[in-house]
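Numbering-wise, the sequence shown is residues 203 to 673 according to this note's numbering.
Cβ atoms here follow ideal geometry from the backbone N, Cα and C, with glycine treated the same way.
Quick notes on the structure that follows.
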Amino acid sequence: MPIETTVSAVAEVPEGAELLAVPYAADLRPSVEPYVELHLPVADLLAHYEAKGEAGEIVEVPVARAGGIGRVLLYGVGDGSPRALRRAGAALARKVKGRDTLTVVPPEGDVAAFAEAALLAGYTFKIGKEGRKGVRAIEFAGADAEPLRRAEVVAEAVALARDLANMPSSVKHPAWLAERAAEQGLPVRVWDEEQLQAEGFGGILAVGRGSVRPPRLIQLSYVPEQPAERHVVLVGKGITFDSGGLSLKPTENMKTQKTDMAGGAVVIAVLAALARLGAPVRVTGLIAAAENMPSGTAQRPSDVIRHYGGRTVEVLNTDAEGRLVLADALAYADAELDPDAVVDIATLTGAISVALGRNVGAVYASDEDLAAQLLAAGQASDDRLWRMPLIDDYAPALESSIADLANVESGSRYGAGSITAALFLREFAGKRPWAHLDIAGVGRSTVDEGTLTKGATGFGVRVLLEWLTRG
Numbered sequence: 203m204p205i206e207t208t209v210s211a212v213a214e215v216p217e218g219a220e221l222l223a224v225p226y227a228a229d230l231r232p233s234v235e236p237y238v239e240l241h242l243p244v245a246d247l248l249a250h251y252e253a254k255g256e257a258g259e260i261v262e263v264p265v266a267r268a269g270g271i272g273r274v275l276l277y278g279v280g281d282g283s284p285r286a287l288r289r290a291g292a293a294l295a296r297k298v299k300g301r302d303t304l305t306v307v308p309p310e311g312d313v314a315a316f317a318e319a320a321l322l323a324g325y326t327f328k329i330g331k332e333g334r335k336g337v338r339a340i341e342f343a344g345a346d347a348e349p350l351r352r353a354e355v356v357a358e359a360v361a362l363a364r365d366l367a368n369m370p371s372s373v374k375h376p377a378w379l380a381e382r383a384a385e386q387g388l389p390v391r392v393w394d395e396e397q398l399q400a401e402g403f404g405g406i407l408a409v410g411r412g413s414v415r416p417p418r419l420i421q422l423s424y425v426p427e428q429p430a431e432r433h434v435v436l437v438g439k440g441i442t443f444d445s446g447g448l449s450l451k452p453t454e455n456m457k458t459q460k461t462d463m464a465g466g467a468v469v470i471a472v473l474a475a476l477a478r479l480g481a482p483v484r485v486t487g488l489i490a491a492a493e494n495m496p497s498g499t500a501q502r503p504s505d506v507i508r509h510y511g512g513r514t515v516e517v518l519n520t521d522a523e524g525r526l527v528l529a530d531a532l533a534y535a536d537a538e539l540d541p542d543a544v545v546d547i548a549t550l551t552g553a554i555s556v557a558l559g560r561n562v563g564a565v566y567a568s569d570e571d572l573a574a575q576l577l578a579a580g581q582a583s584d585d586r587l588w589r590m591p592l593i594d595d596y597a598p599a600l601e602s603s604i605a606d607l608a609n610v611e612s613g614s615r616y617g618a619g620s621i622t623a624a625l626f627l628r629e630f631a632g633k634r635p636w637a638h639l640d641i642a643g644v645g646r647s648t649v650d651e652g653t654l655t656k657g658a659t660g661f662g663v664r665v666l667l668e669w670l671t672r673g
């Protein structure tokens, strides 16, 4: 479902604008006079509403307009940082949901961040008939059009990732996801179950064995117009529904598992946006897609599977399936694609939610420069990341007596479920620079506020686009 709101630059504030938004900071001195005449001193109005100039604060003032009443929205921008402007843009967009046109006197600073947040705040996902929720159009008076165009592209990419992840699994399955990837206008290659079998993708096949809807490996390719100095591979977990397999999840935990392919959705959305943003790097996206279901054909705890490239894994828990499909894709990327860097993204472990909560994603990395780049991109994009350690002392947790590796620890000596999952993935990434983003805590939202709507968040789109286009 595309974002309903459009953004545009206009030369000046239109005369008689019905909804006009004017910024103010902690000094409480909005420049209202050039645009509209208020009937009370602005300082008295702000004092009456106990305004402080904080980001997200809005003071609404009615004004006389030809044929009716208009409104001036005085909006706080805090310290003017990109993070504060995002909060202000989201609050303003939520305030005017359902209205026709909002004219904004843009704040000083990062207008793209402000506009991006305003667009995301108007996102909705609904199957069935529903009227418009967001404001139809936002006009930025005197703004440069280029930051607004970037904001629109990024917001649409986030919305695409949210749409894919929010789609019910009664509709969504691996072949469906491959069809959506093919719609993005990029070269695409899809391995069906027979091709996966022939080429040795044992992890993807094992996870998908229990479902009547067979797995897929999806490859998307972006090549910039000018010769690229770097080639990056993005790998996304595409579990279109995760029941846990024979290691069945509790009912409550299963209700959100349609979004277990959020990492794959992010990869599709990022690849779709790269050309519009003029990314200078060549990017290959791999989405390892399967449905993890219990049945008479499902893999069993204690099974041993052979991954792409030949490494064997003892499956001790079929609910630790994401790492199994990612391992195949990582091994393929290392052996066949020769990238300069590999980044995988996945709703991988509940353990990371305990460690970092629901507002910050985790990054594990084998390369210091890559880690630093992703952390900086996360800070700039507001998809914030926290560096987590790859503790080699925990590697014995993955030892198996009958295979090269176990997919989970057999006991509870080490714990650290997110770290050991990252150590497992590192085994398949080769010696090249690699990073793993665990977005299990931030991939879904339980609240409807700010830039977030209940359901999929699209976390990862903004940080990866920032890294690939500005890094």
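Problem - Which listed residue (Gly487, Ala464, Pro482, Lys439) has its alpha carbon closest to that of alanine 474 - result: For the purposes of this step, residue 474 is identified with residue 272 of the sequence shown, where counting begins at 1. Looking at the Cα atoms, Gly487 is the closest of the given residues.
Exercise for the section: To the nearest angstrom, report how far apart glycine 255 and alanine 290 are at their CA atoms. Expected result: In the sequence shown, residue 255 corresponds to position 53, counting from 1. In the sequence shown, residue 290 corresponds to position 88, counting from 1. Rounded to whole angstroms, glycine 255 to alanine 290 spans 10 angstroms at the Cα level.
Exercise for the section: If I'm right that serine 620 touches threonine 551 with Cβ under 8 angstroms, what's the distance once you round it to whole angstroms? Expected result: For the purposes of this step, residue 620 is identified with residue 418 of the sequence shown, where counting begins at 1. For the purposes of this step, residue 551 is identified with residue 349 of the sequence shown, where counting begins at 1. Their Cβ separation, rounded to whole angstroms, is 4 angstroms, which keeps serine 620 and threonine 551 in contact under 8 angstroms.
Practice task
Check the C-beta distance from arginine 301 over to leucine 221 and give it rounded, since I have them as a contact under 8 angstroms.
Solution key: Position 99 of the sequence shown, counted from the start, is the residue given in the question as residue 301. Position 19 of the sequence shown, counted from the start, is the residue given in the question as residue 221. Confirmed, about 6 angstroms.
Problem - Identity of the residues DSSP links to proline 225 by a beta bridge - result: Working through the sequence shown from its first residue, we reach residue 225 at position 23. Tyr277, per the DSSP bridge assignment.
Problem - Host alpha helix (DSSP H) of histidine 250 (start-end) - result: Your numbering for residue 250 matches position 48 in the sequence shown. Note, histidine 250: alpha helix (DSSP H), 244 to 250.
Problem - CB-CB length for serine 568 against proline 496, believed under 8 angstroms - result: Working through the sequence shown from its first residue, we reach residue 568 at position 366. Working through the sequence shown from its first residue, we reach residue 496 at position 294. Wrong, their Cβ atoms sit about 35 angstroms apart, outside the cutoff.
Practice task
Please check the pair valine 565 and leucine 577, which I expect to be a contact at CB under 8 angstroms, by giving their CB distance rounded to whole angstroms.
Solution key: One-based indexing of the sequence shown puts residue 565 at position 363. One-based indexing of the sequence shown puts residue 577 at position 375. Rounded, the Cβ-Cβ distance is 7 angstroms, consistent with contact.
Practice task
Would you check if the distance between the CB atom of valine 506 and the CB atom of alanine 605 is smaller than 8 angstroms?
Solution key: The residue given as residue 506 occupies position 304 in the sequence shown. The residue given as residue 605 occupies position 403 in the sequence shown. Cβ distance < 8 angstroms, so valine 506 and alanine 605 count as in contact.
Problem - For isoleucine 516, the three-state DSSP class (helix, strand or coil) - result: The residue labelled residue 516 in the question sits at position 314 within the sequence shown. A small fix is needed here, since residue 516 is glutamate in this sequence, not isoleucine. Residue state, collapsed to three classes: strand.
Problem - Distance, valine 409 Cα to asparagine 494 Cα - result: Residue numbering aside, residue 494 sits at position 292 when the sequence shown is read from its first letter. Residue numbering aside, residue 409 sits at position 207 when the sequence shown is read from its first letter. One C-alpha to the other measures close to 6 angstroms.
Problem - Euclidean distance between Cα positions of serine 603 and glutamate 395 - result: As a working mapping, residue 603 is identified with position 401 in the sequence shown. As a working mapping, residue 395 is identified with position 193 in the sequence shown. Whole-angstrom Cα-Cα distance: 30 angstroms.
Practice task
For phenylalanine 342, write down the residues that DSSP places opposite it in a beta bridge.
Solution key: For this step, residue 342 is matched to residue 140 along the sequence shown. DSSP output for phenylalanine 342 lists Ala211, Val306 as bridge partner(s).
Problem - Which of helix, strand or coil DSSP assigns to glycine 421 - result: Working through the sequence shown from its first residue, we reach residue 421 at position 219. Just to set this straight, residue 421 is glutamine in the shown sequence, not glycine. The answer is strand: DSSP assigns glutamine 421 an E or B state.
Handout entry: Proximity of phenylalanine 443 and arginine 525 at Cβ, strictly below 8 angstroms
Key = For the purposes of this step, residue 443 is taken as residue 241 along the sequence shown, with counting starting at 1. For the purposes of this step, residue 525 is taken as residue 323 along the sequence shown, with counting starting at 1. Against a cut-off of 8 angstroms, the Cβ pair of arginine 525 and phenylalanine 443 comes out as no contact.
Exercise for the section: Whole angstroms is fine: what's the gap from isoleucine 329's alpha carbon to glutamate 385's? Expected result: By one-based count along the sequence shown, residue 329 stands at place 127. By one-based count along the sequence shown, residue 385 stands at place 183. Each residue's alpha carbon lies about 20 angstroms from the other.
Practice task
Spell out the partners DSSP gives aspartate 393 in its beta bridges.
Solution key: As a first step, residue 393 must be located in the sequence shown, where it is residue number 191. It is tryptophan, not aspartate, that sits at residue 393 in the sequence shown. Answer is Leu419.
Handout entry: Straight-line gap, threonine 499 to serine 413 (C-alpha atoms, nearest Å)
Key = Counted from its first residue, the sequence shown places residue 499 at position 297. Counted from its first residue, the sequence shown places residue 413 at position 211. Answer to the nearest angstrom: the Cα atoms are 8 angstroms apart.
Exercise for the section: Can you tell me which of the three DSSP states aspartate 569 falls into? Expected result: Here residue 569 corresponds to residue number 367 of the sequence shown, with the count starting at 1. Of the three classes helix, strand and coil, the one that applies to aspartate 569 here is coil, per DSSP.
Practice task
Note down, in chain order, each residue of its chain lying with its Cβ closer than 6 angstroms to the Cβ of alanine 380, except the 5 sequence neighbours on either side.
Solution key: For the purposes of this step, residue 380 is taken as the residue at position 178 of the sequence shown. Correct list, in chain order: Val392, Arg418, Ile420.
Problem - Contact the segment 318 to 326 vs the segment 627 to 647: 3+ CB pairs below 8 angstroms - result: Fewer than three pairs of CB atoms, one per stretch, sit closer than 8 angstroms, so the segment 318 to 326 makes no contact with the segment 627 to 647.
Practice task
Could you check what DSSP says for aspartate 650 in three-state terms: helix, strand or coil?
Solution key: Indexing the sequence shown from 1 puts residue 650 at position 448. Here aspartate 650 sits in coil by DSSP.
Handout entry: Pair within 8 angstroms by beta-carbon distance, alanine 315 and proline 284
Key = Your numbering for residue 315 matches position 113 in the sequence shown. Your numbering for residue 284 matches position 82 in the sequence shown. The answer is yes: Cβ separation under 8 angstroms.
Exercise for the section: Identify which residue in Val274, Arg364, Leu450, Glu310 has its Cα closest to the Cα of valine 644. Expected result: Within the sequence shown, residue 644 is the residue found at index 442, counting from 1. Answer by Cα proximity: Arg364.
Problem - Expected contact under 8 angstroms - CB spacing of tyrosine 424 and leucine 476 to nearest Å - result: One-based indexing of the sequence shown puts residue 424 at position 222. One-based indexing of the sequence shown puts residue 476 at position 274. That pair is a contact at about 5 angstroms.
Practice task
Please report how far the alpha carbon of proline 503 lies from the alpha carbon of valine 517, in whole angstroms.
Solution key: Sequence index remark: in the sequence shown, residue 503 carries index 301 (1-based). Sequence index remark: in the sequence shown, residue 517 carries index 315 (1-based). Rounded to the nearest angstrom, the two C-alpha atoms are 5 angstroms apart.
Exercise for the section: Quick one: residues in its chain with C-beta nearer than 7 angstroms to the C-beta of alanine 383, no 5 flanking neighbours on either side, listed in chain order? Expected result: Position 181 of the sequence shown, counted from the first residue, corresponds to residue 383. Cβ neighbours of alanine 383 beyond the five flanking positions: Val390, Ile420, Leu422, Ile470, Ile489.
Handout entry: Within 8 angstroms, strictly: CB atoms of glycine 311 and leucine 275
Key = Start at 1 with the first residue of the sequence shown, and residue 311 comes out as number 109. Start at 1 with the first residue of the sequence shown, and residue 275 comes out as number 73. Cβ distance not < 8 angstroms, so glycine 311 and leucine 275 don't count as in contact.
Exercise for the section: Specify the secondary structure class of valine 313 as computed by DSSP and reduced to three states. Expected result: As a position in the sequence shown, residue 313 is number 111, starting the count at 1. Helix at valine 313.
Exercise for the section: Would you kindly report the start and end of the unbroken beta strand (DSSP E) that includes isoleucine 470? Expected result: The residue you call residue 470 lines up with position 268 of the sequence shown. No beta strand (DSSP E) contains isoleucine 470, which is instead part of the alpha helix (DSSP H) from 464 to 479.
Problem - Rounded straight-line distance, which links the Cα of aspartate 594 to that of valine 515 - result: Here residue 515 refers to the residue found at position 313 of the sequence shown. Here residue 594 refers to the residue found at position 392 of the sequence shown. Those two C-alpha atoms are separated by around 19 angstroms.
Handout entry: Sheet register partners of alanine 658 (DSSP bridge)
Key = Stepping through the sequence shown from its first residue, residue 658 is reached at position 456. Bridge partners of alanine 658: Arg646.
Practice task
Using a threshold of 8 angstroms, state whether the C-beta atoms of alanine 343 and glutamate 214 are closer than that.
Solution key: Position 141 of the sequence shown holds residue 343. Position 12 of the sequence shown holds residue 214. For alanine 343 and glutamate 214, yes; Cβs fall inside 8 angstroms.
Handout entry: Where the beta strand (DSSP E) containing lysine 439 begins and where it ends
Key = One-based indexing of the sequence shown puts residue 439 at position 237. Run containing lysine 439: 433 to 444, per the beta strand (DSSP E) assignment.
Exercise for the section: Pick helix, strand or coil for isoleucine 191, following the three-state DSSP scheme. Expected result: In the structure displayed, the chain extends from 203 to 673; residue 191 sits before or after that span and is not available.
Exercise for the section: Could you check what DSSP says for isoleucine 554 in three-state terms: helix, strand or coil? Expected result: In the sequence shown, the residue the question calls residue 554 occupies position 352. Residue state, collapsed to three classes: helix.
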